[in-house]
Each structure stands twice: as structure tokens, then as C-alpha cells.
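J.:
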Amino acid sequence: MGIPRGFIKQLPRIRGLIGYYGVHRQEGPVDIDGLITEKLKIKLRYADFDQDEWIFGFSKVDEIQTKKRFIVINQAKPYRTQRFVKGHELGHIWIHPPEDLPLMCNPLYESKALEREADYFAAYLLVPKYALESIRKYGNSFDDIALGLEVPRELVHKRFEIYMYQNKMEAGSIPNWNQVAF
Numbered sequence: 010m011g012i013p014r015g016f017i018k019q020l021p022r023i024r025g026l027i028g029y030y031g032v033h034r035q036e037g038p039v040d041i042d043g044l045i046t047e048k049l050k051i052k053l054r055y056a057d058f059d060q061d062e063w064i065f066g067f068s069k070v071d072e073i074q075t076k077k078r079f080i081v082i083n084q085a086k087p088y089r090t091q092r093f094v095k096g097h098e099l100g101h102i103w104i105h106p107p108e109d110l111p112l113m114c115n116p117l118y119e120s121k122a123l124e125r126e127a128d129y130f131a132a133y134l135l136v137p138k139y140a141l142e143s144i145r146k147y148g149n150s151f152d153d154i155a156l157g158l159e160v161p162r163e164l165v166h167k168r169f170e171i172y173m174y175q176n177k178m179e180a181g182s183i184p185n186w187n188q189v190a191f
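Take the position in the sequence shown, starting the count at 1, then add 9; the result is the number in my numbering.
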């Protein structure tokens, strides 16, 4: 399926968020809770959705005060999954304007693209470039990186896709979608 085009178009904004808040400056797991609550001033809540196994979490924008945002996480999920869901929901808030959020609940709208974009956002946010470079430098595996960064292995795989895409783009072997008119 590849990297969603909508995500690629948002990469400059995503890089801006990461750079401005210094998210990847320290080694080890990204402080996703600190980024959400302290730096972005988004309310982070935990709820027990044990009865509904399919609920991992959700994000919400206050209908009256659009600056007020919430992320709710299913506390019954494993820790690594919770970290991924926080990044995923932050992706919805950061790259999807509030007017798109109701579309995600509309069965007539193809929301899979928005969900995939949020997944790739989480991967880019939670798996810094230096971690991927440790594959070549130290022989680390995707499992090693996932364990060290406290994220699911699938997230490392998605981030590696982005890393390879960016390397090819910089080499000029594929188009830069941010410069292509649609």
C-alpha cells in the first residue's frame, strides 16, 4: 500500500512540530506524555474500555472551544500500544483539521486514509531517525529498536518505510510529493 500521500504532504509540518518541541533531541523513548500535556497543552485521559476491546483510544476537539483538545486512551491496552495510540491520536489532531474529524465517523467517507496517515505520523514521531541508523551502525534489529523505544514493532517498520522513501527522494529517484501539483 505504501506511505499515504496525505502524510507525505504533511511531512514539513510534522518535522516542524518535532524540531520546535525538540522531540528527538534525547536518546531513548520519546516523552509522548510530556509532549501532549506540557508542550501542546492537550488533555490526556485514561478510561477502562475493557468491555469494548476494539476501542484503543480517541481524540476530541471541544465543539465550543476549538482550542480545547482531548486524547482518551484505553488503559486496558498494553503500555507499548498505549504509546502508539497517543501518537496516532496526536496525529489526527496535528495533521487533520477539526472539520475532517466528523468525517472519520461517517461510514460514507473513506476514513482508512486518515487512519493510515495518523499511523505514519505516530511512527515518525515515536521512532527517531537515529534509531533507524543504529541498524546499519550497530546491527540493531527492528525488535531491538521497538524494545528500546517502547513501541510496537510495526511502528518501526512504518518509520523505516518513511526513512527509505526520504533517502530515495533526496537522491532524486522518486518525486517529492510536496512539489507535485494535484
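Glycine included, each C-beta is placed from N, C-alpha and C at the ideal position. It should be emphasised that the depicted structure is a prediction, and the values quoted were computed from it without experimental measurement.
Buried or exposed: where does E62 fall if 16 or more other Cβ atoms within 10 Å of its Cβ makes it buried?
T.: Label assigned to E62: exposed.
J.: With three or more beta-carbon pairs closer than 8 Å as the criterion, would you say the stretch 161–174 touches the stretch 34–53?
T.: Flag = no, the stretch 161–174 and the stretch 34–53 do not touch.
J.: Here's a check: name, in chain order, each residue in its chain whose Cβ is nearer than 6 Å to the Cβ of E98, leaving out the five neighbours to either side.
T.: G66, S68 and I80.
J.: Could you tell me if Y129 is buried or exposed, where buried requires 16 or more neighbouring beta carbons within 10 angstroms of its beta carbon?
T.: Buried, because 16 or more other Cβ atoms sit within 10 Å of the Cβ of Y129.
J.: Mark P87 as exposed unless 16 or more other C-beta atoms lie within 10 angstroms of its C-beta, in which case mark it buried.
T.: It is exposed - the Cβ of P87 has fewer than 16 other Cβ atoms within 10 Å.
J.: Find out if the Cβ-Cβ distance for the pair F58, I64 is shorter than 7 Å.
T.: Contact: yes.
J.: In or out: P21 buried (at least 16 other Cβ within 10 Å) or exposed?
T.: P21 comes out exposed.
J.: Rounding to the nearest angstrom, what Cα-Cα distance links Y118 and P13 in this structure?
T.: Bear in mind that the predicted position of Y118 carries a pLDDT of just 49, short of 50, making it too unreliable to give a figure here.
J.: Taking only the alpha-carbon atoms, compute the straight-line gap between K48 and N149 and give it to the nearest angstrom.
T.: When rounded, the distance between both Cα atoms is 31 Å.
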